[in-house]
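What follows is a single structure, written as structure tokens, with notes after it.
Residue numbers (this note's numbering): 2 to 525.
Pasting the structure below:
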């Protein structure tokens, strides 16, 4: 897509301020505010209805191409004076899911040009310890979806590097191997963060995520000295007490599973944060199958599953910012972005001010369901697996700029799988939701040209209510999740959308309380 964007937030009160993040491949683009009523372009219906609304963001704006930096990792801020300066040992459990791919970072403290510092990577199924520009390679290949105990160390006094790996299970073909070799002296990288699962790099002056790893990591520890060979990490043995001499950090992923914070149990306070929402609360190397939910045995769910296509927040800076007028009617709006030969509709909902409804009917936009289906590319997987895709839309897939953008940027819905085949379980509104748009038809496997789905389908209801003369306030799932019963209480009736599938517990509680108080819910 030559021009694409997203809004933050998706729902804004009258009088509030909303930001629009825009990427444009052209030097200039135009923006125009519209009110959306109908988005299905099928000639049997009324067609697109997008009424212009005058605003101070209308007109030409400078374009800037913005990239999507996918890939999850752990970042540990270190600052200057961090004790990792010469000798060190890294210990961790890993379960790679695409081991044969190149240069996947397990642990790194490197300069952004990739020339100095230290790193432990998985490269073409083999573990590689890098110090400066020198490399030590363990020739024994690692298998897919297998747990391994890994210890990598460097002794600066004799410049000896060592990698040891042991397979967690005791099968007849279990891997157990060691390699030793001379490496460069460590050149301290002052101020560089420690990362696990990927590492930042500078490309043309812009920071990108490199070395993206697919797989699990459990129980990583960092020591400021080269441990003796008998102190290697191995199955069935706890390698060291938290107060062991030389321990710099012991990151315990089983603590704070519902959060983005990773706790350092060493007592030194080197806590970290996960970026781009890797999957937490997943089975670790020591899971014995006795519990199938992490709250019942957190010590067996101490792994994090990193993916090279995770994306929590695109992180684009705002291109446009707009204050919603106090008297703008509640409804569905969009900023229409356009170049000479491309367009995008970045939509959002305007809701009444909190506690001040403007109608007796509320339309509850199912935005959680929109997010679950956003950027779906199920048809790609069906075609790859040879599942009977017979329709003309399937034959031409990807035929739309939206589908092409989704595939090119490895965007996912919760109905897709990651590149390593594991299921996608998170969705975010801080990214382009390019198939949740007016004029977009979801492609189908069978005969036909596709159909409106989710957001575009719900505009049919918005248009019908408008044509029938009903006054309606528009609110969203996120509003209900945050405010509960008080959001719905003023309305005689609440309407849901065409596929209101995803409800949080707080949403259910709020809707049930509203119904107990005599409210009316039309589940459409």
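All C-beta atoms in this analysis are idealised placements derived from N, C-alpha and C, irrespective of residue type, glycine included.
(1) Within 10 Å of its beta-carbon, does residue 22 have 16 or more other beta-carbons around it, so buried, or fewer, so exposed?
(2) Are the region 92-99 and the region 144-155 touching, with three or more C-beta to C-beta distances below 8 Å?
(3) What span of residues does the beta strand (DSSP E) with residue 150 cover, start to end?
(4) Using 8 Å as the cut-off, can you tell me whether the region 139-146 makes contact with the region 158-169, which would need three or more C-beta pairs spanning the two stretches below that distance?
(5) Since residue 430 contacts residue 34 with CB under 8 Å, what's their CB separation in whole angstroms?
(6) Would DSSP call residue 442 helix, strand or coil?
(7) From the DSSP output, read off the bridge partner residues of residue 334.
(8) Could you round the C-beta distance between residue 498 and residue 366 to whole angstroms and report it? I think they count as a contact, below 8 Å.
(9) With H, G and I counted as helix, E and B as strand and the rest as coil, what does DSSP make of residue 465?
(10) Compute the beta-carbon to beta-carbon distance between residue 196 and residue 76, rounded to the nearest angstrom, for a pair I have assumed lies under 8 Å.
(11) When you compare the CB positions of residue 188 and residue 201, do they come within less than 9 Å of one another, or not?
(12) Does DSSP put residue 506 in a helix, a strand or coil?
(13) Taking the alpha carbon of residue 374 as the reference point, which residue from 473, 221, 426, 511 has its own alpha carbon closest?
(14) Please state if the CB of residue 295 and the CB of residue 283 are separated by a distance shorter than 9 Å.
(15) Can you tell me the Cα-Cα spacing of residue 516 and residue 522, whole angstroms?
(16) Considering only residues of the same chain and omitting the five flanking positions on each side of residue 181, which have a CB-CB separation below 6 Å?
(17) Could you give the DSSP three-state label for residue 372: helix, strand or coil?
(18) Mapping the DSSP letters down to three states, classify residue 295 as helix, strand or coil.
(19) Helix or strand or just coil, what does DSSP make of residue 52?
(20) With a 10 Å radius around its C-beta and 16 neighbouring C-beta atoms as the bar for buried, classify residue 271 as buried or exposed.
(21) Quick check: the region 350-367 against the region 409-420, are there 3 or more CB pairs under 8 Å?
(22) For residue 249, count the other beta carbons within 10 Å of its own beta carbon; 16 or more makes it buried, fewer makes it exposed. Which is it?
(23) Could you say which of 137, 175, 133, 128 lies nearest to residue 147 if we only look at CA atoms?
(24) Short of 6 Å in beta carbon distance, which residues of its chain neighbour residue 233, apart from the five on each side in sequence? Order them along the chain.
(25) Is residue 310 helix, strand or coil by DSSP?
Let's see:
(1) buried
(2) yes
(3) 149-156
(4) yes
(5) Actually they do not touch by this definition, with Cβ atoms about 20 Å apart.
(6) coil
(7) 36, 349
(8) Contact holds; Cβ gap of about 6 Å.
(9) For residue 465, the three-state secondary structure derived from DSSP is helix.
(10) 5 Å
(11) Not closer than 9 Å, so no.
(12) DSSP places residue 506 in helix when its eight states are reduced to three.
(13) Of the candidates 473, 221, 426, 511, the one whose C-alpha sits nearest the C-alpha of residue 374 is 426.
(14) Cβ atoms of residue 283 and residue 295: closer than 9 Å.
(15) 7 Å
(16) 163
(17) If DSSP states are grouped into helix, strand and coil, residue 372 belongs with the helices.
(18) helix
(19) strand
(20) buried
(21) no
(22) buried
(23) Among 137, 175, 133, 128, the Cα nearest to that of residue 147 belongs to 175.
(24) 152, 165
(25) coil
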